[in-house]
Amino acid sequence: MSKFLTLRQKRILEVITNYITECDEAPTLAEIQDAVGIKTKRGVAKHLDALEKKGYIYRNGKTRGISLDTPINSGMYDIPILGYANAGQPLVYAEEEMVGSLKVDKEMLPDSKELFALIVKGDSMNKRLINNVSVADKNFVVIDKSSQFRDGDVVLAVIDNAATLKTFKRGSNSVILYPESSNPIHTPIYLREDSDAMINGKVVAVLENPS
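So in our numbering, spot 189 of the sequence shown is number 657, and the numbers just go up one at a time.
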């Protein structure tokens, strides 16, 4: 699709860019409407649809859920953080709730709407390295929900509505989710091949949390 922008679309993109730069969050439809002088929010939404189709913005459906994409953002893009994943017993309730986003260079990870991030809780995977970073407490794991996984990959599993990170292995008549930890308290989880547990994606990267 053409990347050509109308004058109105250029103005809206400028408003969004300036607002994110100054406020570190995106404007609402009403704020864009006031800044540009469009009569209705529906009119604003149509222009946002066009900007998204042309690849200049990405929307996640939230009130301030607009993020900038290339070429405006110099090769950076946002990966949504959808909560926590337990690297221990699966005790953290697996409910998606956007708690922020990670700004990532496309040279590190290719842009994909199939990617999301979670914050690690616990130490059951702290001996496992992915891209030379440990799956340790408070670090960010980036998950590709469309990626194929095989034995030895770290996956996000949902068991009894709780999310957990473990290494995947297919046994002769079961699925084994096993820890890689310096803490001997952690033990494998054994599931039937036809278990209701769900693999929600493969961990494709770990990003250090400096805090």
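For glycine and all other residues, C-beta sits at the position ideal for the given N, C-alpha and C.
Does the beta-carbon distance from GLY543 to ASP517 come in below 7 Å? no
Whole angstroms is fine: what's the gap from ALA630's alpha carbon to GLU582's? 20 Å
Bridge partners of LEU597, per DSSP? SER602
Pair within 7 Å by beta-carbon distance, LYS589 and TYR552: Note that the C-beta distance between LYS589 and TYR552 is below 7 Å.
Between ARG596, LYS530 and ALA585, which lies nearest to PHE608 when the distance is taken from Cα to Cα? Measuring from the Cα of PHE608, the nearest candidate turns out to be ALA585.
Using a Cβ distance threshold of 8 Å, determine whether the region 594–601 contacts the region 661–670, with at least three qualifying pairs required. In this structure the region 594–601 does not lie against the region 661–670, because fewer than three pairs of beta carbons, one per stretch, are closer than 8 Å.
Tell me where the beta strand (DSSP E) around GLU639 begins and ends. For the record, residue 639 in the displayed sequence is Gly; it is not Glu. That residue, GLY639, is in no beta strand (DSSP E); it is neither H nor E in DSSP.
Alpha helix (DSSP H) containing ILE500: first to last residue? 497–504
Going straight from the alpha carbon of HIS654 to that of THR508, what length do you get? 56 Å
Once you ignore the five residues that flank GLU648 on each side, which residues in its own chain have a CB closer than 7 Å to its CB? MET593, LYS595, ARG596 and THR635
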